[in-house]
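Below is one structure; the comments refer to it alone.
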Amino acid sequence: MSAAGTPASRVAAASASSTIEALLRAWETAYSASPAERALGLLAAVWPEYDRSHWRGLCLGDRDACLLLLQKGLFGGRLHAVAACPACGDRLETDFDAGEVCPLPAQMPTPREPSLLKHRDYRVYFRPPCSDDIDALDDTAGQGESVALLLQRCVVSAHCGREAVAAAQLPAPLRRRLIAAMADHDPLADLQLAVECPSCRHAWSASLDVAGYLWEELDDWAQDLLAEVHVLARNYAWSERDILAMAPARRRFYLDMVQA
Ligand SMILES: [Zn+2]
């Protein structure tokens with residue numbers, strides 16, 4: 049742990065003007081980035097003492113838990129989801145707390161050490177996929193190709209007896225066990241929400257894209273904030289830096305007077 053304190057204490061300080069500026073920078077540079085890169089940019093903006101390789105190396109569940117913690121610090125931890133019922137097609141809305149989705153980290157997670165899987169004469173060390181692995185996948189590739197690439201990247205070493213074996217040469221039953229073991233080692237990689245349709249009572253699990261959700265919230269926040277800067281700068285000729293350095297309540301006070 050760094051001197052910056054627990055992850056929660058750092059996020060609690062996220063309203064500091066330096067963090068606001070860092071988040072705005074992350075927002076403006078992330079427009080053309082992939083969803084995974086956007087997520088990493090946001091995390092690096094709030095916890096700059098950890099370099100990109102730290103965030104890139106976190107398994108997806110740990111990364112998303114940090115993103116939920118960030119969501120709680122910046123936007124209050126209440127999430128709002130909209131879904132269409134797969135049974136009757138009705139649109140439904142639901143609210144939930146970030147902590148209901150997964151436990152929020154009390155300590156900064158670190159990239160996982162490789163785990164060992166034994167299968168007959170094989171000994172395979174592997175790690176769960178991280179953001180870099182997902183970014184490396186080709187969207188146009190088939191499922192078989194994607195699985196092969198993930199195994200190639202996430203199998204750290206494999207031996208049959210004393211002989212080293214490439215991931216692509218592992219027998220099919222072992223490859224299937226490896227995929228299942230990767231999921232077991234990172235159960236939060238695929239966050240699911242329990243949803244029930246109020247119209248027809250159909251119940252199902254919906255995937256939650258934490259990175260995409262937080263990005264949309266941040267995008268709204270940044271655009272609203274810059275609109276406030278625009279109004280105040282035009283009326284008072286204050287600089288963007290000075291306006292962003294104001295506490296939100298004071299900014300609101302001046303905006304109310306301008307818009308009265
Ligand atoms: Zn329904």
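Residue numbers (this note's numbering): 49 to 308.
No residue lacks a Cβ here, since even glycine has one placed at the ideal position from N, Cα and C.
Keep in mind that this is a model prediction, so the values were computed, not measured.
Tell me the DSSP secondary structure of E161 in three-state form. coil
Span separating the alpha-carbon of A74 from that of I68: In this structure, the alpha-carbon of A74 lies about 10 Å from that of I68.
Does ligand 1 have even one heavy atom less than 7 Å from the beta-carbon of S205? no
Local Cβ density within 10 Å of K166, reported as buried at 16 or more and exposed below that: exposed
May I ask which residues mark the beginning and end of the beta strand (DSSP E) holding S253? 251–255
Tell me the residue span of the beta strand (DSSP E) that contains C208. 203–208
CB-CB under 7 Å to A61, same chain, minus the five flanking residues each way: which ones, in chain order? Below a pLDDT of 50, predicted positions are generally treated as unreliable, and A61, at 48, falls in that range; the measurement from the model is reported next regardless. T67, listed in sequence order.
First through last residue of the alpha helix (DSSP H) which encompasses D267: 258–284
To which residues does DSSP link Y173 through a beta bridge? L164, S205
Specify whether the stretch 243–260 and the stretch 127–140 touch according to this definition: at least 3 beta carbon pairs, one from each stretch, less than 8 Å apart. Segments in contact, yes.
With respect to 7 Å, is the separation between the Cβ of A135 and the closest non-hydrogen atom of ligand 1 below this value? yes
Near ligand 1: S253 beta-carbon under 7 Å from a heavy atom: no
Taking the C-alpha atoms as reference points, what is the distance between A327 and R160? The requested residue 327 is not part of the displayed model; the chain covers only 49 to 308.
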